[in-house]
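Trainee: In our numbering, the protein residues as written are 1 to 411.
C-beta: ideal position from N, C-alpha, C; glycine also.
Just so we're clear, the structure is a prediction, and the values are computed from it rather than from any experiment.
Take a look at this one; I'll ask things after.
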């Protein structure tokens, strides 16, 4: 392998130790090898920083081992040009495996320029990403609490969900509070509690409330509702914090928000995952799609390409994009038309991933070119009469019919 760097380091990072290997010397000749082991406390990582500086090493590479790379990155990023590598891309040949040999292998690959750097966003974006991910986790937990309340009501023969589309709206929560308190609900009380169209369903709601609600059920519902209230308060506070952090990136959020199916919070989450300047990390939308995991895997043998699962990637970004794909599936726009066209041939799941891939490419183009999404008029989706006539005629002829076209004067 031809060397490209005179001096560089490879770091094998673990929970308690970091094995560092420096390769230094002329590009044409065999490099000198320096190896030393350090701890992972801040004090010991500063010693690693000093050791690298003493040997005039300003470039280093390491594996992205869980979150163990972050303390090392935090200390060294101010003095070294760091490269974070995907462990799957830099596997050593099988054989004797030691920490020292791993560090040497990483250093050798880095010296020859064979490590593809992983994306490490700026500190501000990483902080925003932590908040958006935690918000998503809290939303999932609140959904779980709502599902538990639904199960308890079914166990108690309370069939409110048969007549209420949202049990946790204003009317539903008011009824749940009365059930928790153990009150016997009369028809007039229910009519006062419910809002809008539900007032027309009071008789049905009375039948739905006629169940076998025990003290145990009321107690469990109370626990879940208290936890749900706590989660909703946390989500509200978190969203306020996110709004503060995202202020410098309002332009990027607005660009992503212009894409059909992506609202403001989804745009903020997507931007935090792929970075507001994704073009600086990924030279093309294809590479970004591969990193997120919304493109097909590679499975080719003897010149034949076979179906392959999409590769692993950024699950947070992929989830947002797939949600947006499903949202577009019922709308009359070009993204929805794309979803339905793929669905006819490949099914819904593959159509969702393919549409997510399309949405990501659009997001990449908007962020790179600094332009908003251009919505097409409804006429774009109307098939010309001539093309529709030709296609239907051809289908009938393939079925063995002789077709004679005659214009009736109405279209």
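How many angstroms separate the CA atom of residue 172 from the CA atom of residue 393?
Mentor: For residue 172 and residue 393, the distance between alpha carbons rounds to 55 Å.
Trainee: Can the beta-carbon of residue 58 be found less than 8 Å from the beta-carbon of residue 13?
Mentor: Cβ distance not < 8 Å, so residue 58 and residue 13 don't count as in contact.
Trainee: Counting pairs of Cβ atoms below 8 Å between the segment 261-270 and the segment 318-332, do you hit three or more?
Mentor: Counting Cβ pairs under 8 Å, three or more are found: they touch.
Trainee: Looking at the unbroken beta strand (DSSP E) that takes in residue 335, where does it start and where does it end?
Mentor: That residue, residue 335, is in no beta strand (DSSP E); its alpha helix (DSSP H) goes 334-346.
Trainee: Are the segment 236-245 and the segment 202-221 touching by the rule of at least three beta carbon pairs closer than 8 Å?
Mentor: The segment 236-245 is not in contact with the segment 202-221.
Trainee: Could you tell me which residues DSSP puts in a beta bridge with residue 59?
Mentor: 81.
Trainee: Just verifying my parser: in three-state terms, what is the DSSP assignment at residue 8?
Mentor: In the structure shown, residue 8 sits in a strand (DSSP, three-state: E or B).
Trainee: Hey, quick one: how far does the alpha helix (DSSP H) through residue 34 stretch, first residue to last?
Mentor: Taken as a continuous stretch (DSSP letters only), residue 34 belongs to no alpha helix (DSSP H), being part of the beta strand (DSSP E) at 32-39.
Trainee: What does the Cβ neighbour count give for residue 145, buried or exposed, with the cut at 16 atoms within 10 Å?
Mentor: It is buried - the Cβ of residue 145 has at least 16 other Cβ atoms within 10 Å.
Trainee: Under 6 Å Cβ to Cβ from residue 227, same chain only, skipping five residues before and after it: list those, please.
Mentor: Correct list, in chain order: 145.
Trainee: Three-state secondary structure (DSSP) at residue 322?
Mentor: Three-state DSSP puts residue 322 in a helix.
Trainee: Relative to the C-alpha of residue 45, which candidate in 15, 31, 28, 161 has its C-alpha closest?
Mentor: Closest by alpha carbon: 15.
Trainee: Taking contact to mean 3 or more Cβ pairs, one atom from each stretch, closer than 8 Å, check whether the segment 275-286 and the segment 109-122 are in contact.
Mentor: Short answer: they touch.
Trainee: For residue 293 and residue 344, what's the separation of their Cα atoms in angstroms?
Mentor: Going by the C-alpha atoms only, they are around 23 Å apart.
Trainee: Nearest-angstrom Cα distance between residue 261 and residue 328?
Mentor: Between residue 261 and residue 328, the C-alpha separation is close to 6 Å.
Trainee: Taking the continuous beta strand (DSSP E) assigned at residue 231, which residues delimit it?
Mentor: First-last for residue 231: 215-245, but that is the alpha helix (DSSP H), not the beta strand (DSSP E).
Trainee: State whether the segment 311-322 contacts the segment 349-368, with contact taken as three or more CB pairs (one from each stretch) at a distance under 8 Å.
Mentor: Yes, they touch.
Trainee: Closest to residue 88 by CA distance: which of 186, 403, 37, 313 is it?
Mentor: Ranking 186, 403, 37, 313 by Cα distance to residue 88 puts 313 first.
Trainee: How about the segment 204-212 and the segment 150-158: do they share at least three Cβ pairs that are nearer than 8 Å?
Mentor: Touching, yes.
Trainee: Indicate the three-state DSSP secondary structure (helix, strand or coil) for residue 329 in the structure shown.
Mentor: Correct three-state label for residue 329: coil.
Trainee: I need the DSSP call for residue 117, collapsed to helix, strand or coil.
Mentor: Strand at residue 117.
Trainee: Going by beta carbon distance, what residues of the same chain come within less than 8 Å of residue 17, once the five residues before and after it are set aside?
Mentor: Same-chain partners within the cutoff: 37, 38, 39, 40, 99.
Trainee: Determine the closest residue to residue 134 out of 231, 2, 174, 31, with distance taken between C-alpha atoms.
Mentor: Considering only alpha carbons, the answer is 231.
Trainee: Quick one: does the C-beta of residue 254 sit closer than 7 Å to a heavy atom of the ligand FMN?
Mentor: Questions concerning the ligand FMN fall outside what the structure shown contains, since it holds no ligand whatsoever.
Trainee: Determine the burial state of residue 48: buried for a count of at least 16 other Cβ atoms within 10 Å of its Cβ, exposed for fewer.
Mentor: Buried, by the Cβ-count rule.
Trainee: By alpha-carbon positions, which one of 364, 85, 296, 375 ends up nearest to residue 350?
Mentor: Out of 364, 85, 296, 375, 296 has the C-alpha closest to the C-alpha of residue 350.
Trainee: Pick helix, strand or coil for residue 408, following the three-state DSSP scheme.
Mentor: The answer is coil: DSSP assigns residue 408 none of H, G, I, E or B.
Trainee: Express the C-alpha separation of residue 279 and residue 259 in angstroms, rounding to a whole number.
Mentor: Roughly 18 Å separates the two Cα atoms.
Trainee: For residue 105 and residue 367, what's the separation of their Cα atoms in angstroms?
Mentor: Their Cα atoms are separated by approximately 37 Å.
Trainee: Can the beta-carbon of residue 9 be found closer than 8 Å to that of residue 53?
Mentor: No, Cβ-Cβ distance for residue 9 and residue 53 is not below 8 Å.
Trainee: For residue 124, name the three-state secondary structure that DSSP assigns.
Mentor: Correct three-state label for residue 124: helix.
Trainee: For residue 183, count neighbouring C-beta atoms within 10 Å of its own C-beta (all shown protein chains included) and say buried if the count is 16 or more, exposed if not.
Mentor: So residue 183 ends up on the exposed side.
Trainee: Please state whether DSSP places residue 371 in a helix, a strand or coil.
Mentor: It is coil, neither helix nor strand.
Trainee: Output the distance between the C-alpha atoms of residue 372 and residue 250, rounded to the nearest integer angstrom.
Mentor: Taking the straight line from one Cα to the other gives about 13 Å.
Trainee: Taking DSSP's pairing of strands, which residues face residue 20 in a bridge?
Mentor: Paired residue(s): 11, 36.
Trainee: Using DSSP with H/G/I as helix, E/B as strand and the rest coil, what is residue 139?
Mentor: Note: residue 139 maps to helix in three-state DSSP.
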